[in-house]
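Just so you know, the protein sequences line up as chains B and P, in that order. The first sequence begins at 2 in the working numbering and counts up one residue at a time. The second sequence begins at -7 in the working numbering and counts up one residue at a time. In this text, a Cβ means the ideal position worked out from N, Cα and C, and glycines have one as well. This structure is a prediction, so every number in the text was calculated from the model and none was measured. Each remark here refers to the structure printed beneath this line.
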Amino acid sequence: MSALGRHIRICHLYPELLNLYGDRGNMLCLVRRLEWRGIGCEVVGVGRGDTLHAADFDLIFIGGGQDAEQAALMEDLRKSKADELRAAAADGCAILGICGGYQLLGHSYETASGERLEYLGICDFTTVAAPEHEKRLIGNLVFELPDGTRVVGFENHGGRTRLGEGVRPLGRVIHGFGNNGEDGTEGVRYRNVFGTYAHGPALPKNPALADAVLGAALTRKYGVADLPSLDDTWETLAHDAAVAEALAGPRKRDLWM
Amino acid sequence: MLAGKAAAGLLRALGRHATTMPGAVALKICPSLLRDLSGETCVVLVTGTNGNTTTTHLIAGMCDGAGHSVLTNSGGANMTAGLAAAFVADCGRGGKPRAKVAVLECDEAYVRTAAKALQPRAIVVTNLFRDQLDRWGEVSHIRDVLQVGLDAAPQAVAVLNADDSLVASMAESRDGALVRLFGLGEAFAEKDGERAGDNSAGTDAAGTDAVPVPLEGITCPRCGSALEFAWRTYGHLGRFVCPGCGFTWVQPQVQAIEMRGEDDHGTAVTVAVDGNLRELHLALQGTFNLYNAMAALACAPALGIPDDLAVSALAGVTSSFGRMETFACGETPVRIILVKNPVGLDRALAFLGTAAYPRLFFGLNDKTGDGTDISWIWDANLEGFFAETGDGNGDATTAKPQVMGVFGTRAEDMALRLKYAGADMGRVVVLEGYPQVADAITADPSPVCILANYTAMYDLRSLLGQRFGLGDMA
Chain B
2 MSALGRHIRI CHLYPELLNL YGDRGNMLCL VRRLEWRGIG CEVVGVGRGD
52 TLHAADFDLI FIGGGQDAEQ AALMEDLRKS KADELRAAAA DGCAILGICG
102 GYQLLGHSYE TASGERLEYL GICDFTTVAA PEHEKRLIGN LVFELPDGTR
152 VVGFENHGGR TRLGEGVRPL GRVIHGFGNN GEDGTEGVRY RNVFGTYAHG
202 PALPKNPALA DAVLGAALTR KYGVADLPSL DDTWETLAHD AAVAEALAGP
252 RKRDLWM
Chain P
-7 MLAGKAAAGL LRALGRHATT MPGAVALKIC PSLLRDLSGE TCVVLVTGTN
43 GNTTTTHLIA GMCDGAGHSV LTNSGGANMT AGLAAAFVAD CGRGGKPRAK
93 VAVLECDEAY VRTAAKALQP RAIVVTNLFR DQLDRWGEVS HIRDVLQVGL
143 DAAPQAVAVL NADDSLVASM AESRDGALVR LFGLGEAFAE KDGERAGDNS
193 AGTDAAGTDA VPVPLEGITC PRCGSALEFA WRTYGHLGRF VCPGCGFTWV
243 QPQVQAIEMR GEDDHGTAVT VAVDGNLREL HLALQGTFNL YNAMAALACA
293 PALGIPDDLA VSALAGVTSS FGRMETFACG ETPVRIILVK NPVGLDRALA
343 FLGTAAYPRL FFGLNDKTGD GTDISWIWDA NLEGFFAETG DGNGDATTAK
393 PQVMGVFGTR AEDMALRLKY AGADMGRVVV LEGYPQVADA ITADPSPVCI
443 LANYTAMYDL RSLLGQRFGL GDMA
């Protein structure tokens, strides 16, 4: 199938609030990798106060936010977006959630003071904030997708996520903490929904993951992903260097002269 | 005290950069050292995200020009041990610092400790932007930490950035006589949609215009509503008002109101100081440096310096190492700009948009002193920079860089960032170490601008200093 005439509409949810840690790079990556293949694309920011018409979109991106900003948008989310997001997920729309955006895809978030916030419930998992005395999970993160591809990023989260029975993680942790630092799972994979704690940003130096998300959106719309291969020399260089550095640890890093 | 001096001497003899270790030794031996020293010295603490070193340098230079003996921690050693080291270095045999004024850059996390021990005459908060989020979690948290720091010095004058809603909000709990605000006027506002940082999350067609640049402080620090702006200078700095709770920008006592001129040598501006107009000549460029200079001027009364004297003293202050510093490596003119967060990088790119450098070097480390999360490079608008530069055709105003070198522990990440920003990757070269960077710089006499984060800047600057006899770094 020719790439000509294909067109993807991307929703950037709460671009003004959920854009921590280079999330902008994820959007840039999605846009560029479509452009480079001659596939049309359009990005629409849907912010606080805007009504989301999820059926208009092929891909929805939800980034991470600072705690204060995330709390500020909960009411807006429930009022004008939550039902649409649930319907979109059920309809097979590609959704990518990073860190705080990933947590939103689950049932709930329990704060350190024990308050339970109801989230979207698109995927079967819950997140619990770490007790005060326990540390945030911060550092380089390397995990492996089911096909053996390694993904490298940077994680920084207080919440511990537990997947429900039989729920597929996005990958298995090789280095770092992942969902909770205990069970070796990282992220979630359900229908065309992708969730991960990996910032970094995750997509530019993990082109396989970026293309998996784009492929899901294209397959749903056109029946087939048909992604022409790109020259990923610089992507691979950055990926391999980041994996090597993550596995080598800070001592080697501090010796760079 | 003697032990601290001895350690400093030993470290100097060993050739290490003695900025914090002697302080750490002195503090270990005498934990109340900072407090003991504060008795007779008039202290100014400078903190915030960007421009602290330059602001510290400007205030120290202003004091010096006004005839006050001054000590400072200009090496950028800004944690408690670094502050102690600055005092230790200035002490005579009697164990008392010789300087009348101490101007100290202070890491945000140590402001409370330092403020409590030193009871400073003034505390300057420059601005709050996202920086080292792996360390801080979020910017609003830093604001709260600094508020506690200010509260620990109830007699200090709080010198605050009026245009930064997060910083300005710290004035609320303080007696008005102990608050001094500085800022820039509307003449320095960016035109609508002019460049990076304009956060109109619109429904543009495909392309990077639709990928907004993250901003801090667009939500009200008091009630969380989205702030509205009459104008902005850059980032989230500007004349804000909260439609939710009414929290609003206040006219600062010290404000640059008109640009008179800017060239390679510096900037001339008209400043309103408590209603009096003054002509300021500054040997620095860039909007961000005007903020730094306004902060210094706002400090002057707390130090007993009349504003006309402060204005003339500031004219004699030049840039500090690695902060827009210029020098020559052999035949090659070099400029180094420290960039460590998205707004800093955007400001540096805005400068490069006016000064076309044929060769750019980007240094990116994720060593302990830098913060280990380097994702911030994606939050700066490098796309805008490459879209606005060209090879002489089209409507680009500035020449594209011919060579781009990347170096540091995360050089490959920086290279990839350049690719997605639209750089011509045939011009990008990955350099494997500082000696290779130095070789690449001098391989050609065409001017070089180096943008690097903290340890990358520091280590490269040290090597260049040794190789080209540039003298010691501060």
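For residue i, three-class secondary structure by DSSP
i: Val309 of chain P; result: coil
i: Pro325 of chain P; result: strand
i: Cys12 of chain B; result: strand
i: Asn268 of chain P; result: strand
i: Ser165 of chain P; result: coil
i: Gly185 of chain P; result: For Gly185 of chain P, the predicted model reports a pLDDT of 43, less than 50, meaning its position is unreliable; a value from the coordinates is still stated below. Here Gly185 of chain P sits in coil by DSSP.
i: Leu96 of chain P; result: strand
i: Trp37 of chain B; result: coil
i: Trp223 of chain P; result: strand
i: Leu215 of chain B; result: helix
i: Ala243 of chain P; result: One detail in the question is off: residue 243 of chain P reads as Gln in this sequence, not Ala. Correct three-state label for Gln243 of chain P: coil.
i: Phe343 of chain P; result: helix
i: Leu289 of chain P; result: helix
i: Ser109 of chain B; result: strand
i: Ala407 of chain P; result: helix
i: Phe354 of chain P; result: strand
Cutoff 8 Å: residue i Cβ touching any chain B Cβ
i: Gly400 of chain P; result: yes
i: Ser132 of chain P; result: yes
i: Ala407 of chain P; result: yes
i: Asp431 of chain P; result: no
i: Tyr412 of chain P; result: yes
i: Gly376 of chain P; result: no
i: Asp365 of chain P; result: yes
i: Ile210 of chain P; result: yes
i: Ala198 of chain P; result: Because Ala198 of chain P sits at a pLDDT of 37, beneath the cut-off of 50, its placement in the model cannot be relied upon, and the point is left open.
i: Ala218 of chain P; result: yes
i: Glu223 of chain P; result: Checking the displayed sequence, the identity of residue 223 of chain P turns out to be Trp instead of Glu. With 8 Å as the cut-off, Trp223 of chain P does not count as an interface residue toward chain B.
i: Asp371 of chain P; result: yes
i: Met417 of chain P; result: yes
i: Tyr446 of chain P; result: no
Assigned exposure category for residue i - 16 Cβ within 10 Å defines buried
i: His54 of chain B; result: exposed
i: Asn268 of chain P; result: exposed
i: Val429 of chain P; result: buried
i: Trp370 of chain P; result: buried
i: Cys12 of chain B; result: buried
i: Thr360 of chain P; result: exposed
i: Leu60 of chain B; result: buried
i: Thr346 of chain P; result: exposed
i: Thr186 of chain B; result: buried
Chain P within 8 Å of residue i, Cβ atoms only
i: Ala243 of chain B; result: yes
i: Tyr151 of chain B; result: Residue 151 of chain B is actually Arg in this sequence, not Tyr. So, not an interface residue.
i: Cys12 of chain B; result: no
i: Asn157 of chain B; result: yes
i: Ala239 of chain B; result: yes
i: Gly26 of chain B; result: yes
i: Trp37 of chain B; result: no
i: Cys94 of chain B; result: no
i: Glu236 of chain B; result: yes
Among the options, the one whose alpha carbon lies nearest that of residue i
i: Arg135 of chain P; options: P:Ala148, P:Pro146, P:Asn119, P:Val149; result: P:Asn119
i: Leu138 of chain B; options: B:Ile61, B:Tyr198, B:Pro170, B:Gly93; result: B:Tyr198
i: Tyr15 of chain B; options: B:Gly66, B:Val214, B:Leu31, B:Asn27; result: B:Gly66
i: Gly172 of chain B; options: B:Glu166, B:Gly160, B:Asp148; result: B:Asp148
i: Asn284 of chain P; options: P:Trp368, P:Gln111, P:Asp155, P:Ala435; result: P:Asp155
i: Asn207 of chain B; options: B:Tyr223, B:Asn193, B:Ala242, B:Arg163; result: B:Ala242
i: Gly182 of chain B; options: B:Ala209, B:Thr128, B:Thr234; result: B:Thr128
i: Ile328 of chain P; options: P:Pro334, P:Val335, P:Ala320; result: P:Ala320
i: Thr225 of chain P; options: P:Ala342, P:Pro213, P:Gly141; result: P:Ala342
i: Asp212 of chain B; options: B:Arg7, B:Leu228, B:Pro132; result: B:Leu228
CB contact check: residue i to chain D, cutoff 8 Å
i: Gly102 of chain B; result: Absence of chain D from the displayed structure is noted, the protein chains being B and P.
Between the region 151 to 160 of chain B and the region 41 to 60 of chain B, do three or more beta carbon pairs fall short of 8 Å?
With the cut-off at 8 Å, the region 151 to 160 of chain B and the region 41 to 60 of chain B do not touch.
Are three or more beta carbon pairs between the region 360 to 374 of chain P and the region 68 to 78 of chain P nearer than 8 Å?
Remark: fewer than three beta-carbon pairs, one from each stretch, lie closer than 8 Å, so the region 360 to 374 of chain P and the region 68 to 78 of chain P are not flagged as touching.
Cβ contact (3+ pairs, closer than 8 Å) linking the region 117 to 132 of chain B and the region 159 to 168 of chain B
They touch, by the three-pair rule.
With contact counted as at least three CB pairs below 8 Å, one residue from each stretch, are the region 408 to 416 of chain P and the region 299 to 307 of chain P in contact?
Contact between the region 408 to 416 of chain P and the region 299 to 307 of chain P is not established, with fewer than three Cβ pairs separated by less than 8 Å.
Is it true that the region 38 to 52 of chain B meets the region 114 to 121 of chain B, where meeting means three or more beta-carbon pairs spaced less than 8 Å apart?
Taking 8 Å as the limit for Cβ pairs, the verdict is that the region 114 to 121 of chain B does not touch the region 38 to 52 of chain B.
When the Cβ atoms of the region 169 to 176 of chain P are set against those of the region 243 to 260 of chain P, are three or more pairs found closer than 8 Å?
Here the region 169 to 176 of chain P lies against the region 243 to 260 of chain P, with 3 or more beta-carbon pairs under 8 Å apart.
Would you be able to state if there are at least three C-beta pairs under 8 Å between the region 205 to 219 of chain B and the region 85 to 101 of chain B?
With a cut-off of 8 Å, the region 205 to 219 of chain B and the region 85 to 101 of chain B count as touching, because enough Cβ pairs lie within range.
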